[in-house]
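If you count the sequence shown from 1, position 169 lands on 168 in numbering that gives the first Met the number 0, and the numbers rise without skipping. For every residue, glycine included, the Cβ atom is placed at its ideal position computed from N, Cα and C. For clarity, every value in this text was computed on a predicted model and none was experimentally measured. Notes to accompany the following structure.
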Amino acid sequence: MRIHTFSIVAYSESEASWGVAVASKFPAVGAVVPWARADVGAVATQSYAKMGFGPDGLALMQGGAAAGEALQSLLDADPMRASRQVALVDAQGRVAAHTGADCHNWAGHRLGDGFSVQGNLLTGEAVIDAMATAFMRSEGELADRLVTALRAGEYAGGDRRGKQSAAVQVVRPNGGYGQDTDRYLDLRVDDHAEPVARLGELVQMHHLYFQPPKPEDAVRIDGDIARELQAMMIGQGYMTGEINGVWDEVCQQVFAMLIGNENLEMRWSLKKNRGAVDRVALDYLRERFG
Numbered sequence: 000m001r002i003h004t005f006s007i008v009a010y011s012e013s014e015a016s017w018g019v020a021v022a023s024k025f026p027a028v029g030a031v032v033p034w035a036r037a038d039v040g041a042v043a044t045q046s047y048a049k050m051g052f053g054p055d056g057l058a059l060m061q062g063g064a065a066a067g068e069a070l071q072s073l074l075d076a077d078p079m080r081a082s083r084q085v086a087l088v089d090a091q092g093r094v095a096a097h098t099g100a101d102c103h104n105w106a107g108h109r110l111g112d113g114f115s116v117q118g119n120l121l122t123g124e125a126v127i128d129a130m131a132t133a134f135m136r137s138e139g140e141l142a143d144r145l146v147t148a149l150r151a152g153e154y155a156g157g158d159r160r161g162k163q164s165a166a167v168q169v170v171r172p173n174g175g176y177g178q179d180t181d182r183y184l185d186l187r188v189d190d191h192a193e194p195v196a197r198l199g200e201l202v203q204m205h206h207l208y209f210q211p212p213k214p215e216d217a218v219r220i221d222g223d224i225a226r227e228l229q230a231m232m233i234g235q236g237y238m239t240g241e242i243n244g245v246w247d248e249v250c251q252q253v254f255a256m257l258i259g260n261e262n263l264e265m266r267w268s269l270k271k272n273r274g275a276v277d278r279v280a281l282d283y284l285r286e287r288f289g
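Okay, structure coming up:
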């Protein structure tokens, strides 16, 4: 399976997170390249991709192998290693990568502090240079920084065949929905004219729905805000009556229904937020309902 692409594997010590981001002129690249496990590491496998490098690399690192040791074990057992490109980051942020001699030009990788960028069939070395620089200079969550690196690589030329798909995966202990898995974020754009741009939009959507609200973003529901929310709820058919600015029990119960239907439970609940609303949620509702 020829996966000509550019990708990044990385570790964030401050977030206790590991992640992979990838883009390619190949459909559904996110189903092949990225593999990650919290407290273990992450793997990107591409260029005549051997998907077994993903679970096998994670198993080796979970068993105590450093990224470099795990990589060597994978390559030693693979007769087609000259055609492979693979990168690993382990639980401590150590990185290792391999670009086989038979990978299609331009092909190569670059190791950094807690990350590795790599690609094959690229327009040139400038692609991974731009990715490395962008990642090191970027801010925000690991997912944001990974997508920033993809954007930089794409802007520098990317996959010389064009664009089709992109993906980003980030894991952290108990980071998944409901906190019983490590899958904090796992987003894919399988077929799109601008996959990296769309992936960035999906990351921002994930932040809206799943990022815990910040205490400083709590907005007190005074008379003006109450009237605004009442207008929304009446306009969308959730309730009838007058817009009077009284934020009573009925309004709160109805607002809980609106919040639930908009999947904003992480940002407002009857139990915790009766007299205030998260600014991010409020801005979203204003844009959606006017």
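How long is the line joining the alpha carbons of Q168 and V88, rounded to whole angstroms?
As a working note, residue 168 is residue 169 in the sequence shown. As a working note, residue 88 is residue 89 in the sequence shown. Whole-angstrom Cα-Cα distance: 14 Å.
Output needed for L186: all residues of its chain with C-beta closer than 7 Å, excluding positions within five of it in sequence on either side, in chain order.
Sequence index remark: in the sequence shown, residue 186 carries index 187 (1-based). Excluding positions up to five away in sequence, the list reads A166, V167, L198, L201, V202 and H205.
Could you pull out every unbroken beta strand (DSSP E) segment of at least 3 residues lying fully inside the region 9-78, listed in chain order?
16-23, 33-36 and 40-45
Among the candidates M265, E140 and R144, whose CA atom is the shortest distance from the CA of V279?
Residue mapping note: residue 279 aligns to position 280 of the sequence shown, counting from 1. When each option's Cα is compared against that of V279, the closest is M265.
Secondary structure at G239, three-state DSSP: helix, strand or coil?
Taking the first residue of the sequence shown as position 1, residue 239 is located at position 240. According to the sequence displayed, residue 239 carries Thr and not Gly. In the three-state DSSP reduction, T239 falls in the coil class, being neither helix nor strand.
Quick check on DSSP: helix, strand or coil for Q252?
The residue given as residue 252 occupies position 253 in the sequence shown. The answer is helix: DSSP assigns Q252 an H, G or I state.
Range covered by the beta strand (DSSP E) that runs through H97:
Residue numbering aside, residue 97 sits at position 98 when the sequence shown is read from its first letter. It spans V94 to T98 - the beta strand (DSSP E) in which H97 sits, taken as one unbroken run.
Between which two residues does the beta strand (DSSP E) harbouring H108 extend?
Position 109 of the sequence shown, counted from the start, is the residue given in the question as residue 108. Taken as a continuous stretch (DSSP letters only), the beta strand (DSSP E) holding H108 covers G107 to G111.
With a cut-off of 8 Å, do at least 3 Cβ pairs link the region 126-136 to the region 40-60?
No: the two stretches stay apart, fewer than three of their Cβ pairs being nearer than 8 Å.
Have a look at the DSSP bridge pairing and note the partners of T180.
What you label residue 180 is simply residue 181 of the sequence shown in a count that begins at 1. Answer by DSSP bridge pairing: none, since T180 is not bridged.
I'd like the span of the beta strand (DSSP E) that includes A217, first residue to last.
Locating residue 217 in the sequence shown gives position 218, counting from the first residue. A217 to R219 is the extent of the beta strand (DSSP E) around A217.
L149 to S13 span [Cα, whole Å]
Residue numbering aside, residue 149 sits at position 150 when the sequence shown is read from its first letter. Residue numbering aside, residue 13 sits at position 14 when the sequence shown is read from its first letter. Spanning the two alpha carbons is a distance of roughly 21 Å.
Could you compute how far the alpha carbon of S16 sits from the alpha carbon of P194?
The residue given as residue 16 occupies position 17 in the sequence shown. The residue given as residue 194 occupies position 195 in the sequence shown. Roughly 24 Å separates the two Cα atoms.
In angstroms, rounded to a whole number, what distance separates the CA positions of L93 and V85?
To locate residue 93, count along the sequence shown from 1; it is residue 94. To locate residue 85, count along the sequence shown from 1; it is residue 86. Going by the sequence as given, residue 93 is Arg instead of Leu. Cα-Cα distance, rounded: 14 Å.
C-alpha distance - A27 paired with G99, whole-angstrom precision
For the purposes of this step, residue 27 is taken as the residue at position 28 of the sequence shown. For the purposes of this step, residue 99 is taken as the residue at position 100 of the sequence shown. Their backbone Cα atoms lie some 23 Å apart in a straight line.
Beta-carbon within less than 6 Å of A151's beta-carbon, same chain only, minus the 5 sequence neighbours each way: which residues are those?
For the purposes of this step, residue 151 is taken as residue 152 along the sequence shown, with counting starting at 1. Counting only Cβ-Cβ distances below 6 Å, and skipping sequence neighbours, we find A129, M130 and A133.
What residues in its chain sit with their C-beta under 8 Å from that of D223, if we drop five residues either side in the sequence?
Start at 1 with the first residue of the sequence shown, and residue 223 comes out as number 224. Counting only Cβ-Cβ distances below 8 Å, and skipping sequence neighbours, we find G244.
With 16 other Cβ atoms within 10 Å as the buried cut-off, status of S268:
The count along the sequence shown starts at 1 and reaches residue 268 at position 269. S268 comes out exposed.
Output the distance between the C-alpha atoms of H97 and M79, rounded to the nearest integer angstrom.
As a working mapping, residue 97 is identified with position 98 in the sequence shown. As a working mapping, residue 79 is identified with position 80 in the sequence shown. For H97 and M79, the distance between alpha carbons rounds to 12 Å.
My output table needs one value for Q229: the three-state DSSP class, helix, strand or coil.
Position 230 of the sequence shown, counting from 1, holds the residue named residue 229. Residue state, collapsed to three classes: helix.
For the region 32-46 and the region 4-12, state whether three or more C-beta atom pairs, one from each stretch, are separated by less than 8 Å.
yes
Within its chain, find whatever has a CB closer than 6 Å to the CB of G174; leave out the 5 residues flanking it on each side and keep chain order.
Here residue 174 corresponds to residue number 175 of the sequence shown, with the count starting at 1. Annotation for G174: D181 and Y183 place their beta carbon closer than 6 Å to its own, counting only its chain and skipping 5 residues before and after.
If G29 sits next to S164, beta carbons under 8 Å apart, how far is it from one beta carbon to the other, in whole angstroms?
The residue labelled residue 29 in the question sits at position 30 within the sequence shown. The residue labelled residue 164 in the question sits at position 165 within the sequence shown. Their Cβ separation, rounded to whole angstroms, is 7 Å, which keeps G29 and S164 in contact under 8 Å.
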